[in-house]
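Protein chains in written order, with the UniProt record's numbering: chain A, 1 to 123; chain B, 1 to 123.
2 protein chains.
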Amino acid sequence: MKTKDPLIESWRELLSQYSRVAHELDRALQARHGLTMSDYEVLDRLVDAEGCKSRIHDLVVDLHLSQSASSRAVDRLEKCGLVQRAMCESDRRGVFVIATDKGRALHEQARVTQLAVLGEHLV
Amino acid sequence: MKTKDPLIESWRELLSQYSRVAHELDRALQARHGLTMSDYEVLDRLVDAEGCKSRIHDLVVDLHLSQSASSRAVDRLEKCGLVQRAMCESDRRGVFVIATDKGRALHEQARVTQLAVLGEHLV
DNA sequence: AGACATTCAATGCGTGCGCATGTACGTTCT
DNA sequence: AGAACGTACATGCGCACGCATTGAATGTCT
């Protein structure tokens with residue numbers, strides 16, 4: 001392969017790293033905890049947040065997901081009893097998402113998996 | 001946000017970079033040339049390859065795609081007349097994929113788009 | 001040569017994604 | 001206050017993906 005624009009080199013490097021790690025992470029989280037990478041990220045932000053709750057809109061900003069994808073990630077988590085939706089009094093368009101006890105517990109376990117996978121596959 | 005494990009910091013950094021660039025790139029390629037990022041990558045490998053042809057199996061190794069996704073990327077490109085499939089004499093399980101003139105021409109245009117997007121969004 | 005394992009590619013299937021739209025609420029301007 | 005515009009979330013839709021399976025060709029071992 002002839003030498004490429006350094007821009008392309010670094011893009012390929014980035015793509016390669018991301019793909020490898022994301023794939024491993026997704027598989028591990030799915031296999032051990034039944035979570036998508038996105039699902040885990042949602043849980044993670046919630047646990048980090050004040051009172052384990054956050055508005056969907058804030059999740060959208062933090063995560064690298066579209067609004068619809070975020071909404072559906074919350075759907076999935078809710079269906080598993082890991083989070084709850086709640087009315088947002090101050091702005092009734094908004095929806096709070098709150099991690100349940102079960103959600104926090106699962107997050108703690110999944111965090112171990114995440115760290116293990118990152119430790120192994122992130123150079 | 002409290003400080004995190006440096007492993008998590010770099011993972012988030014990687015995820016963030018990738019998502020931003022990939023999103024922009026995908027949109028630009030789709031809008032201007034009707035190509036997926038993956039489609040473009042396939043074309044790119046073909047153009048790089050000896051005689052603009054490569055076996056699907058080799059594409060799978062190079063690209064960060066499953067075998068089925070690669071096969072379907074080739075389907076799409078073939079449907080647009082950008083590549084052709086051809087028998088592989090030496091191993092009749094295999095399939096060669098060959099970029100057509102149209103494919104090479106489109107690749108050249110798309111490359112400009114890629115470089116522009118990378119230049120703008122890749123730090 | 002014959003039986004068994006392996007490899008390459010295509011395809012059925014289920015899933016998560018983004019885009020576009022719908023609906024309800026909020027904000028602004030006159 | 002009322003109209004027009006903007007924002008938050010849910011949902012219909014089509015698409016690309018990965019996994020599992022299939023089918024054909026190859027390779028291996030006895």
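Built from N, CA and C at the ideal position, the CB exists for glycine as well.
The model shown is predicted, which means the values in this text are computed figures rather than measured ones.
Which of the three DSSP states, helix, strand or coil, is assigned to residue i?
i: S54/A; result: strand
i: R93/B; result: coil
i: H21/B; result: Here residue 21/B turns out to be Val, not His, going by the sequence shown. In this structure, V21/B counts as helix in the three-state DSSP scheme.
i: V83/B; result: strand
i: A99/A; result: strand
i: G34/A; result: coil
i: L15/B; result: helix
i: A49/B; result: coil
i: H121/B; result: helix
i: T3/B; result: coil
Using the Cα positions of residue i and residue j, report the straight-line distance between them to the nearest angstrom.
i: L63/B; j: I98/B; result: 16 angstroms
i: H121/B; j: S90/B; result: 43 angstroms
i: L82/B; j: E78/A; result: 44 angstroms
i: L106/A; j: R32/A; result: 10 angstroms
i: L46/B; j: E24/B; result: 23 angstroms
i: T36/B; j: T3/B; result: 37 angstroms
i: S54/B; j: K102/B; result: 17 angstroms
i: V112/A; j: S38/A; result: 16 angstroms
i: C80/B; j: E108/A; result: 48 angstroms
i: Y119/A; j: L7/B; result: According to the sequence shown, residue 119/A is Gly rather than Tyr. Whole-angstrom Cα-Cα distance: 7 angstroms.
Please determine, among the options, the residue with the shortest C-alpha to C-alpha distance to residue i.
i: V117/A; options: T100/A, D58/A, L29/A and K4/A; result: L29/A
i: S10/A; options: Y18/B, P6/B, S10/B and I8/B; result: Y18/B
i: C52/B; options: S68/B, R85/B, V60/B and Q114/B; result: R85/B
i: V74/A; options: T100/A, S16/A, L65/A and V42/A; result: V42/A
Quick one, which residues of the region 36–68 of chain B are near chain A if we go by CB-CB under 8 angstroms, in chain order? D48 and H64
Please identify, using Cβ separations under 8 angstroms, the residues of the region 92–112 of chain B that lie next to chain A, in order along the chain. Listed by position, the residues of the region 92–112 of chain B near chain A (Cβ gap below 8 angstroms) amount to none.
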